[in-house]
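Residue numbers (my numbering), protein chains in the order written: chain W, -19 to 123; chain X, 26 to 137; chain B, 2 to 515. This report concerns only the one structure given below.
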Amino acid sequence: MTIIVKKVTQIMCGIIFLYGIYIVVHGHLTPGGGFAGGTIIAGAFILLIIAFGSGFLSLKKEETGSSILESSAILVFLLIASAGLLVAGMGIFFVNYLPKGTIGHLISAGFIPLFNIAVGIEVAAALLTIFLALLIYKDEVIK
Amino acid sequence: MTVYLLCILLFLIGLYGVVAKRNLIKIVIGLAIMEYSVNLFLILVGYVKGGTAPILSRNLANKVFVDPLPQAMVLTAIVIGLATTSLLLAIAIRLYRKYKTFDIREIKNLKG
Amino acid sequence: MDWFVPLFVIVPLGGAFLIAIIGSFARPFGRFFTSLVLASLIGLTLYVIFSVTIPIVYMVGGHGPIEKVPIGITMILDGLSVYLLLIINLIGFFSAFYSISYMKKFTSENYYYTLFCLMVAGMNGVVLSGDVFNLYVFLEMAAISSYALVAFGIEKEELEASFKYQVLGGASSLFILLGIAFLYWNTSTLNIADISRVIGTTANSEFVKFVGVILLAGFGLKAAMIPFHAWLPDAHSSAPSPISSMLSGVLIKAIGVYVIFRLFFNMFTISYDTALVITTIGTLSMVIGVLLAIGQWDIKRLLAYHSISQMGYVVIGVGIGMLVIAHNGPRSVAALSIAGGLYHLFNHAVFKGLLFLNAGAVEYETGIRDMKKLGGLSSLMPVTTSTSLGASMSISGIPPFNGFFSKLIIIIAAIQAGYYVLSILAVFVSIITLASFLKVQRFTFFNKPNEKWNRGDFNVREVPFAMCFSMVFLAVLCLGLSLFIVPAVRDIFITPAVNVLLNSAVYSTGVLGY
Chain W
-19 MTIIVKKVTQ IMCGIIFLYG IYIVVHGHLT PGGGFAGGTI IAGAFILLII AFGSGFLSLK
41 KEETGSSILE SSAILVFLLI ASAGLLVAGM GIFFVNYLPK GTIGHLISAG FIPLFNIAVG
101 IEVAAALLTI FLALLIYKDE VIK
Chain X
26 MTVYLLCILL FLIGLYGVVA KRNLIKIVIG LAIMEYSVNL FLILVGYVKG GTAPILSRNL
86 ANKVFVDPLP QAMVLTAIVI GLATTSLLLA IAIRLYRKYK TFDIREIKNL KG
Chain B
2 MDWFVPLFVI VPLGGAFLIA IIGSFARPFG RFFTSLVLAS LIGLTLYVIF SVTIPIVYMV
62 GGHGPIEKVP IGITMILDGL SVYLLLIINL IGFFSAFYSI SYMKKFTSEN YYYTLFCLMV
122 AGMNGVVLSG DVFNLYVFLE MAAISSYALV AFGIEKEELE ASFKYQVLGG ASSLFILLGI
182 AFLYWNTSTL NIADISRVIG TTANSEFVKF VGVILLAGFG LKAAMIPFHA WLPDAHSSAP
242 SPISSMLSGV LIKAIGVYVI FRLFFNMFTI SYDTALVITT IGTLSMVIGV LLAIGQWDIK
302 RLLAYHSISQ MGYVVIGVGI GMLVIAHNGP RSVAALSIAG GLYHLFNHAV FKGLLFLNAG
362 AVEYETGIRD MKKLGGLSSL MPVTTSTSLG ASMSISGIPP FNGFFSKLII IIAAIQAGYY
422 VLSILAVFVS IITLASFLKV QRFTFFNKPN EKWNRGDFNV REVPFAMCFS MVFLAVLCLG
482 LSLFIVPAVR DIFITPAVNV LLNSAVYSTG VLGY
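Below, the structure is given as structure tokens:
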């Protein structure tokens, strides 16, 4: 890619990443939440790979890393949801057992922000894994 | 009422794409159009006249909200559509490598 | 007391992603962990059958009804759900155990076990869900895993079959979502029991019939009824053999036929026109499936066409019950017919699973699927031959195997309800099935041996232990399921399932509580 694209991507990808994290964390106060924010975070990484080319990465290790990150995010999600089964007094799956604060504050609404963060990491890792898998297939075929 | 009929028209256009086109990628795009039209229909079902976005905030006058349940349904349906489309495209590019063509009239190994 | 209901979904889901993480470091982890997960699910199902009073209504997240309107996600465990859970987990366990030896030659084995556990989790979720959109989400989870599993060994035929399966399955899922959107537009609720209340009181009957037709088209494609059957022969014959047995034995039942019964008995009010359409589709499937299967020479394609025909038997069995209920006929005839249909569901899962595992064993040893090139394997592979003989006698309806009893109950119920044409067709189809399977047995196992086997460069032996164990156990189950006609055994397993469909209005009272 030309020098303009590379320079603009260098400046912008950090801002895009930060914007994605803002949308994930404020999921219970503004529209957005886990899935939309996760897509934006994945967009930041994919933009970097498209602008600079895939020669800078060892693609196999990247793909293994993002695949493991995705699976562990889902396991963390299941763990938080199942911990409600052990809380005394309410033995039900998926019950909201953390204290709910006042409406409109950042730390409120029980465990919904935790779920948003887990889903955001999972969606970003999943989209990155799909992109890297297709890229690895293209390299394999061209050889 | 015309809005719902236009959504069904978009669904039928996508169905025409799946049924009548010969290129593999055009079939995938037809399926994607069908899926977007059903998502649009679901959101339109939940519209209330004069409503605003269904978010609870601190400065809350006595407002009318649109129905939030179809919006949650559509969020899930978009994710499912993403999974379907990406799996279809991965299989389509592997098919191209094996058969050297995108034309479905050539890809006819399984018969009878 | 009822904390175990979400475990049917959480355990395979967590196990799938655990296999994805640990399997990339240690390769043999996935094989044994999958069998362990499925064995624990069978144990949980047997515990539910023998020591828990059903039905259980489980509100996820503790969100109970507000002013008698159910607003949360509910999971319902009643007689029909428990029956299907037993079928899914039993066949799943034997397929997973079989694939310990079969999948050793593939390189990305741990992804296979991840997708397998995801498919089982999706099917368990479909059977347990109490509202319509949750059912759609779990159905998509199971269906997308099966699209990826059909294309697993990346040959030309498998990719083509998977693409056809995906396009048709995707279009049918969109029809289902459109039907759900229309239902939500009319009733403003997603809970199955609540929808049945609203449809029962405010009868806008043209709209309800329109939605019923759309949903029947969508789920009919998942259940491989005629005229929606075009994807089944390609997909079921090109998949790896344990996946063929799972697809043909469990998937077309759990996400096709079960959902049709649940929605058309417990959600929509039973009407004569719908029952007539369902029984007609069942009859067409039964007859056309077996006529298309006669001319096939590929083993797995022949077995796939026979799946269409046997699912026609199940739909006829329950459809006659629906016709009798819609006509206000004698309830004993309806109960007999529905019991016959559901008994044939279980039998078909067992013997069709066994037949696909046998075909896989033959392909594993010889590499050939064309029956004209096989022959004389009975002396070289004794276990495969004997289990295949048992399964063929089951599917053709020869006593004392289980297929005879379930087909007999369906035919007797058809005669008692007055539909003599259906019973004659059922007997006729059974005779043609017998002829077809005599051909399979003769050309595959009992013919003159192909001279390539004796020359020494082909080295055909008996299959490894894990595959033998699954096949022998399923063959024993083929004989053991004949015990379901004994009244004591029948009352534990089949009678709760029949009661759910027979007393269809009790479902909404049990869930909503008023």
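Where is the CB? At the ideal position from N, CA and C, for every residue including glycine.
Look at the segment 229 to 252 of chain B: the residues with a C-beta under 9 Å from a C-beta of chain X are Pro234, Asp235, Ser238, Ser239. Beta-bridge analysis with DSSP links methionine 60 of chain B to B:Thr75. Within the segment 295 to 351 of chain B, the runs of alpha helix (DSSP H) at least 4 residues long that lie entirely inside it are, in chain order, 300 to 327. In terms of Cα proximity to glutamine 96 of chain X, the closest of W:Phe(-3), W:Cys(-7), W:Gly12 is W:Gly12. If you look at isoleucine 493 of chain B, you'll find it in the alpha helix (DSSP H) that goes 488 to 503. Chain-order list of chain B residues neighbouring glutamate 60 of chain X: Leu175, by C-beta distance under 7 Å.
For isoleucine 29 of chain W, the closest alpha carbon among the candidates W:Lys(-14), W:Thr10, W:Gly100, W:Val75 is that of W:Lys(-14). Judged by DSSP secondary structure, serine 483 of chain B falls outside any alpha helix (DSSP H); it is assigned neither H nor E. If you draw a straight line from the Cα of tyrosine 166 of chain B to the Cα of leucine 233 of chain B, it is about 8 Å long. Within 10 angstroms of the beta-carbon of leucine 94 of chain W lie fewer than 16 other beta-carbons, which makes it exposed.
Looking at the DSSP output, aspartate 128 of chain X shares a beta bridge with X:Asn48. Bridge pairing for threonine 77 of chain X: X:Phe90 [DSSP]. Taking a 10 Å sphere around the C-beta of methionine -19 of chain W, we find fewer than 16 other C-beta atoms and assign the residue as exposed. Looking at the DSSP output, valine 70 of chain B sits in a beta bridge with B:Ile67. If you ignore the 5 residues before and after serine 389 of chain B, its C-beta comes within less than 6 Å of the C-beta of Asn359, all in its own chain and listed in chain order. In this structure, B:Gly398 is the residue among B:Gly398, B:Asn403, B:Tyr515, B:Gly391 with its C-alpha nearest to the C-alpha of valine 428 of chain B. The beta carbon of isoleucine 3 of chain W does not come within 8 Å of any beta carbon belonging to chain X, so the residue lies off that interface. Two segments are said to touch when three or more pairs of C-beta atoms, one from each, lie closer than 8 Å; by this definition the segment 61 to 70 of chain B does not touch the segment 96 to 111 of chain B.
Taking C-beta separations shorter than 6 Å and ignoring five residues to either side along the sequence, the partners of alanine 97 of chain B in its chain run Thr35, Ser36, Leu39, following chain order.
At a cut-off of 8 Å between C-beta atoms, phenylalanine 74 of chain W counts as an interface residue with respect to chain B. With respect to the 8 Å criterion, alanine 152 of chain B and isoleucine 116 of chain X are classified as neighbours on the basis of their beta carbons. The Cβ atoms of glycine 221 of chain B and isoleucine 282 of chain B lie closer than 8 Å to each other. Minimum Cα-Cα distance from glycine 100 of chain W among the listed residues W:Leu112, W:Met(-8), W:Ile(-17), W:Phe(-3) corresponds to W:Phe(-3). Excluding residues up to 5 positions away in sequence, Ile200, Phe269 lie with their Cβ nearer than 7 Å to the Cβ of valine 209 of chain B in the same chain.
Taking 8 Å as the upper bound for CB-CB distance, alanine 305 of chain B and leucine 356 of chain B are not in contact here, some 10 Å apart. When 9 Å is used as the limit between beta carbons, serine 88 of chain W is near no residue of chain B, the shortest such separation being about 18 Å. With a threshold of 8 Å between beta carbons, valine 49 of chain B makes no contact with chain W.
For the segment 17 to 43 of chain W, not one full-length alpha helix (DSSP H) segment reaches 4 residues or more. Ranked by how close their Cα comes to the Cα of proline 401 of chain B, the residues B:Val10, B:Ala327, B:Cys479, B:Ala294 have B:Cys479 in first place. In the three-state reduction of the DSSP assignment, serine 130 of chain B falls in the strand class, which pools E and B. By the Cβ neighbour-count rule, asparagine 64 of chain X is buried, with 16 or more other Cβ atoms within 10 Å of its own.
With a threshold of 16 other beta carbon atoms within 10 Å, glutamate 50 of chain W meets it and is buried. Closer than 9 Å at the C-beta level to chain W, one finds these residues of the segment 51 to 62 of chain B: Tyr59, Met60, Val61, Gly62. Exclusion of the five residues before and after isoleucine 50 of chain B leaves Val83, Leu87, Ile493, Phe494 as the residues of its chain whose Cβ lies within less than 8 Å of its Cβ. DSSP lists no beta-bridge partner residue for asparagine 111 of chain B.
Here aspartate 371 of chain B is bridged, per DSSP, to B:Asp299.
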